[in-house]
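Protein chains: 2
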Amino acid sequence: MLNERSQKVLCAIVQTYINNPEPVGSGFITKRYAFNLSPATVRNIMADLEVEGFLSQPHTSAGRIPTDMGYRLFVNSLHSEIEYQPDNKSTLYRMVNELESIKDDINALLEETTKKLSGFSHYLSVAVCPSTRISTFNRIEFLKHRGSQVVAVLLTDEGLIKNKVLDVGSDLSQRHLNRISGYLNSEFHGYSLIEIRAKILREMAKEKDLCDTLISRAIRICKEALFFPYDDLFISGLAEVLGLPDFSDVEKIKEISRAIEDKHHMLQILEKISDTDGVKVIIGAENPMMQMKGFSLVASSYKEGDRPIGCVGMIGPTRMDYSRAIAVINTTARFLTRVLTDRK
Amino acid sequence: MLNERSQKVLCAIVQTYINNPEPVGSGFITKRYAFNLSPATVRNIMADLEVEGFLSQPHTSAGRIPTDMGYRLFVNSLHSEIEYQPDNKSTLYRMVNELESIKDDINALLEETTKKLSGFSHYLSVAVCPSTRISTFNRIEFLKHRGSQVVAVLLTDEGLIKNKVLDVGSDLSQRHLNRISGYLNSEFHGYSLIEIRAKILREMAKEKDLCDTLISRAIRICKEALFFPYDDLFISGLAEVLGLPDFSDVEKIKEISRAIEDKHHMLQILEKISDTDGVKVIIGAENPMMQMKGFSLVASSYKEGDRPIGCVGMIGPTRMDYSRAIAVINTTARFLTRVLTDRK
DNA sequence: TATTAGCACTCTCGATACGAGAGTGCTAAT
DNA sequence: ATTAGCACTCTCGTATCGAGAGTGCTAATA
Chain A
899 MLNERSQKVL CAIVQTYINN PEPVGSGFIT KRYAFNLSPA TVRNIMADLE
949 VEGFLSQPHT SAGRIPTDMG YRLFVNSLHS EIEYQPDNKS TLYRMVNELE
999 SIKDDINALL EETTKKLSGF SHYLSVAVCP STRISTFNRI EFLKHRGSQV
1049 VAVLLTDEGL IKNKVLDVGS DLSQRHLNRI SGYLNSEFHG YSLIEIRAKI
1099 LREMAKEKDL CDTLISRAIR ICKEALFFPY DDLFISGLAE VLGLPDFSDV
1149 EKIKEISRAI EDKHHMLQIL EKISDTDGVK VIIGAENPMM QMKGFSLVAS
1199 SYKEGDRPIG CVGMIGPTRM DYSRAIAVIN TTARFLTRVL TDRK
Chain B
899 MLNERSQKVL CAIVQTYINN PEPVGSGFIT KRYAFNLSPA TVRNIMADLE
949 VEGFLSQPHT SAGRIPTDMG YRLFVNSLHS EIEYQPDNKS TLYRMVNELE
999 SIKDDINALL EETTKKLSGF SHYLSVAVCP STRISTFNRI EFLKHRGSQV
1049 VAVLLTDEGL IKNKVLDVGS DLSQRHLNRI SGYLNSEFHG YSLIEIRAKI
1099 LREMAKEKDL CDTLISRAIR ICKEALFFPY DDLFISGLAE VLGLPDFSDV
1149 EKIKEISRAI EDKHHMLQIL EKISDTDGVK VIIGAENPMM QMKGFSLVAS
1199 SYKEGDRPIG CVGMIGPTRM DYSRAIAVIN TTARFLTRVL TDRK
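Order-wise, the sequence lines are chains A and B.
If you want the numbering used here, it's the 1-based position in the first sequence plus 898.
If you want the numbering used here, it's the 1-based position in the second sequence plus 898.
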């Protein structure tokens, strides 16, 4: 579609703009890059690129800035050099090492990871826990709390720990509860929570008319105990990201603040990425699901063994340093994968 | 210090400025308020108020705006009418009713409370859980997880549920763990976590030379399990607050973002308030501990019975609607107190 | 003596103008 | 096909100006 020379010019423009957020003129390109072209020729190429939709002009007689399509082409041309950048190797490794010590607690691990990522990259960083939807039931315990309240503690094979406060009838003793959890643990061990949900619904339909047996009661409690409307989402780096020149505009700031507070929506996007493999880059409004005009997301799933279970990523302006971001996220995701896989 | 008339004029100016963030001129005051004074007289009073430090002038020949001291006097003069404002009564009650349904889970309750508060008031709202420092030990359980990992689940009398992942030697069976938790539960029930910490340290000093008895082991594990560096902090409403005209300035936005991300510092302030009784108002840089120049905090502790255990509040620009904020926080804190006390 | 009317003064803000600078698009030459 | 040359366009910073709002001061007033 695009000849090689045009593509090279485009990439040069994108790179230049990423380094410094000002419209790029033809003169700069000819001076900075050894394409052996005159400014006039570059201008012609730029005009073509604009017609094709890769560049745009803030106004006549200004330089060009990349469109989302322009960034996309740039990012696609990047995919070969996805591995570590030399310059941030050491810092990144140091960061990863510091995380090694808390690898046992997946929540703490992800929280620290986002904190370190944002401090390190100056972008907003995000991570989601292994989704409760796909997690594998390991064990559930019920602890009698105050009055008729019971705390259900769910452990999954992925290392998730989830609490839920339930209100059961006041007549269940701890002994009863232990029998219930014993039953559930033997019955459900190894199933995914989704399967268990389905199983429970079937059971409930079957036992509908049965009176208050322990089992039917167990199942009803379990249905509640296994239902977690939201997965945990970690976000860090708002203050960092506001330091970028791209956020000198108040509207921009409001937009990213809204994105942060709308955790539900953010989760949807990240969980979709959690299911796939490798680094994903979503640029600007590419994905209709993100109303993030002006922002890009670089994210990757992390895995336990071969199975993707969660996702970690960075959000920045569309003018973000993709090659660095991709490298960083890639390294981070591999690190998480290694840690989560090794502990088996 | 200030005669009554001056004080009235000051309050009128503050109120006017709160309604509309523009410097207030002498003409407006005479027209709007029936003080029976001429603009010239008001100007004289304003000049005095400025000398005394209650007002400031953005530039010669502009109206006056309140200083932190001015807001302070205004707020102090307000304390009589601290109870519900008539206009937002119904909305506030509706909000509180909606929260009633999740009162069992204190974390969820506080999270929802902050969400509703910020949606309702358009200010940033915050809440802290009962501090683990002062919480009362109710019960601890250890669940063997993967490998040598153990999940400690701590329940407090205040309704807190805390998890912690520990790495104990791999040779402890669930049976051992149960004996340990049994021992701890009988030993520590009813003590505050702080007391227990002290007890543990004493025990450890005593048993230092003893070899690996179950008890000394229990104590060591417990020491770790009861240590939670941070309490949970809920913050909501960033996107809301950015809609206020006070945040048209990027610097202001950055400042509040930093305040949000510096949870450690925020916690310090709120936990101090958690220990006291009633609504506290901190205006601007009044409290040296908050580097929040330009922001005010209206907060109140909530109690269980007679004992303050946590804190809920709202943060807004110094130009915030204090009388409304105080009323709202007061109502909210009372609601929390009632809910947390009744469940006994 | 406290208040007020009158008035000159000061400062902001929006509109307008203008020149420098950067970069373009087009045309004609190579 | 590329390029040199040049006129053109647009932004941005600065300066200017007048309207408007509000003040501070002085002298008159109750």
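Cβ atoms here follow ideal geometry from the backbone N, Cα and C, with glycine treated the same way.
Nearest to residue i by CA position, among the options, is which residue?
i: Q913(A); options: G968(A), M1190(A) and D1204(A); result: G968(A)
i: F1233(A); options: S1198(A), V922(A) and I1213(A); result: S1198(A)
i: S1134(B); options: E1039(B), R1077(B) and A1157(B); result: A1157(B)
i: E1153(A); options: P1186(A), N995(A) and M1190(A); result: M1190(A)
i: I1167(B); options: S1029(B), I1113(B) and T1012(B); result: S1029(B)
i: G1203(A); options: E1184(A), A1231(A) and G1045(A); result: A1231(A)
i: N1083(B); options: I1113(B), K1062(B) and L908(B); result: I1113(B)
i: P1143(B); options: S1016(B), Y1021(B), L908(B) and G951(B); result: Y1021(B)
i: H957(A); options: S988(A), G923(A), K1013(A) and R930(A); result: G923(A)
i: V1179(B); options: F1145(B), D1219(B), S1146(B) and D1147(B); result: D1219(B)
i: D1175(B); options: L1070(B), R1205(B) and F1035(B); result: R1205(B)
i: S988(A); options: L1238(A), Q905(A) and T1229(A); result: T1229(A)
i: D1069(B); options: S1046(B), H1087(B), L900(B) and R992(B); result: S1046(B)
i: I1098(A); options: Q1072(A), F1125(A), R1073(A) and R1077(A); result: F1125(A)
i: F1145(B); options: L1064(B), F1018(B), N995(B) and P1215(B); result: P1215(B)
Residue i CB to nearest chain A CB: under 7 Å?
i: V1024(B); result: no
i: V1049(B); result: yes
i: V1063(B); result: yes
i: S1084(B); result: no
i: R1118(B); result: no
i: S1079(B); result: no
i: D1002(B); result: yes
i: E1039(B); result: yes
i: K1191(B); result: no
i: R1156(B); result: yes
i: I916(B); result: no
i: L1053(B); result: yes
i: L1140(B); result: yes
Taking 6 Å as the cut-off, is the CB of residue i close to at least one heavy atom of the ligand MG?
i: H1020(A); result: The ligand MG is not among the ligands present in this structure, which contains no ligands whatsoever.
Can you tell me where the beta strand (DSSP E) with residue i in it begins and where it stops?
i: Y1200(A); result: F1193 to E1202
i: K1150(A); result: No beta strand (DSSP E) contains K1150(A), which is instead part of the alpha helix (DSSP H) from V1148 to E1159.
i: K1001(A); result: No beta strand (DSSP E) contains K1001(A), which DSSP labels as neither H nor E.
i: F1132(A); result: L1131 to S1134
i: L1075(A); result: L1075(A) -> not in any beta strand (DSSP E); alpha helix (DSSP H) instead, spanning Q1072 to F1086.
i: L1091(A); result: Not the beta strand (DSSP E): L1091(A) falls in the alpha helix (DSSP H), residues L1091 to K1104.
i: A1025(A); result: L1022 to V1026
i: R1205(B); result: R1205 to P1215
Hey, residue i and residue j are a contact pair by Cβ (cut 8 Å); roughly how many whole angstroms apart?
i: L1052(A); j: I1004(A); result: So it is not a contact: roughly 13 Å between Cβ atoms.
i: E1056(B); j: S1033(B); result: 5 Å
i: P921(B); j: A960(B); result: 5 Å
i: Y1081(B); j: A1116(B); result: 5 Å
i: L1131(B); j: K1150(B); result: 22 Å between Cβ atoms; not a contact.
i: R962(A); j: I911(A); result: 6 Å
i: I1224(A); j: F1193(A); result: That belief does not hold up - the Cβ atoms of I1224(A) and F1193(A) are roughly 16 Å apart, past 8 Å.
i: C909(A); j: S975(A); result: 6 Å
i: V1048(B); j: L1075(B); result: 6 Å
i: S1016(B); j: E1138(B); result: 5 Å
i: L1195(A); j: E1159(B); result: Not quite, the Cβ-Cβ distance comes to about 20 Å (not below 8 Å), so this is no contact.
Please report the residue range of the alpha helix (DSSP H) in which residue i lies.
i: R1241(A); result: Premise fails: R1241(A) is in no alpha helix (DSSP H) and is neither H nor E.
i: D946(B); result: P937 to E950
i: E1039(A); result: Unbroken run through E1039(A) is the beta strand (DSSP E), F1035 to K1042; no alpha helix (DSSP H).
i: T1054(B); result: Note, T1054(B): premise wrong, no alpha helix (DSSP H); beta strand (DSSP E) at Q1047 to T1054.
i: G968(B); result: D966 to N974
i: G925(A); result: S924 to R930
i: V1066(A); result: Premise fails: V1066(A) is in no alpha helix (DSSP H) and is neither H nor E.
Quick check on residue i - is its C-beta less than 7 Å from some C-beta in chain B?
i: A1223(A); result: no
i: E1159(A); result: yes
i: L1058(A); result: no
i: H1043(A); result: yes
i: I1151(A); result: yes
i: L1136(A); result: yes
i: L997(A); result: no
| field | Three CB pairs or more closer than 8 Å across the region 1205-1221 of chain B and the region 1018-1036 of chain B | value | Flag = yes, the region 1205-1221 of chain B and the region 1018-1036 of chain B touch.
| task | Count the C-beta pairs between the region 1031-1048 of chain A and the region 1181-1188 of chain A that are closer than 8 Å, then say yes if the count reaches three, no if not. | result | Result no; under three Cβ-Cβ pairs closer than 8 Å.
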